[in-house]
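Just below is one structure, and these are the notes that go with it.
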Amino acid sequence: MMGDSHMTDGQRMRTVTWQDPMIGATAARTMSGIDYLRAMMSSTLPLPPISELFKMRFAEIAVGRVVFAVMPSEESDNPMGVVHGGFICTLLDSAMGCAGQSTLAAGLGYTSLDIHVHFVRAVTLAVGELRAIGETVHVGKRIITAQGRLVDANDKLYAHATTTCMVLGLEN
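Take the sequence shown: its position 135, counting from 1, is numbered 1281 in my numbering, and each next residue is one higher.
Rendered as structure tokens:
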């Protein structure tokens, strides 16, 4: 949960709150990836802190495909007044990683090994809501590859990416 306020001297303030991330991490060890993601989408389990910080919300979850929606705000701007590339990378990394996670059986997790992001055009606050779409390309026993796209409401492309993730066994 977050509160934003504009202060009179041009300063801005934002408060971010979140639940203990170990609540979800512990539950993830006993659930399939798709069930875990759906539990977060339905608020049965809390979102991870990064989702609260970036104001990301699940828009779609299916096996091999996850879509996050986000409305960029001033907090995501770089010194040039456009959305920071790190914000875009985080959105795409999250969507692609969760797409891979959606394919995993209970007791399995993942970690990103690499991410390659191609910025196509600048994102400004005028763009409006963005969707980070992650889709698996290959799901193996040890390696998952995925691709991602960052688009606006009209499917205009702002960035695209690929990732390689390593499948991990999670200890109970």
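No residue lacks a Cβ here, since even glycine has one placed at the ideal position from N, Cα and C.
* To do: May I have the straight-line CA-CA distance separating K1287 from V1313, to the nearest angstrom?
  => Taking the sequence shown and counting its residues from 1, the one referred to as residue 1287 is at position 141. Taking the sequence shown and counting its residues from 1, the one referred to as residue 1313 is at position 167. Going by the C-alpha atoms only, they are around 7 Å apart.
* **Extent of the continuous beta strand (DSSP E) to which E1221 belongs** => Counting from one through the sequence shown, the residue named residue 1221 turns up at place 75. First-last for E1221: undefined, no H or E at that position.
* To do: Quick one: grab the DSSP three-state call for G1255.
  => The count along the sequence shown starts at 1 and reaches residue 1255 at position 109. Strand at G1255.
* Of the residues F1204, V1297 and A1252, the one placed nearest T1172, counting alpha carbons only -> Here residue 1172 refers to the residue found at position 26 when the sequence shown is read from its first residue. T1172 has its Cα closest to that of A1252, out of F1204, V1297 and A1252.
* Asked: With 16 as the cutoff for other CB atoms within 10 Å, does T1249 come out buried or exposed?
  -> For the purposes of this step, residue 1249 is taken as residue 103 along the sequence shown, with counting starting at 1. Buried is the label assigned to T1249, since at least 16 other Cβ atoms lie within 10 Å of its Cβ.
* Just curious, the alpha helix (DSSP H) that R1267 is in, first and last residue? -> Here residue 1267 is taken as the residue at index 121 of the sequence shown, counted from 1. Looking at the DSSP string, R1267 is not in any alpha helix (DSSP H), and its letter there is neither H nor E.
* Asked: To which residues of the same chain is G1156 closer than 8 Å at the C-beta, ignoring the five residues directly before and after it?
  -> By 1-based counting over the sequence shown, the position of residue 1156 is 10. Around G1156, the same chain offers no residue with a beta carbon nearer than 8 Å, after the five sequence neighbours per side are excluded.
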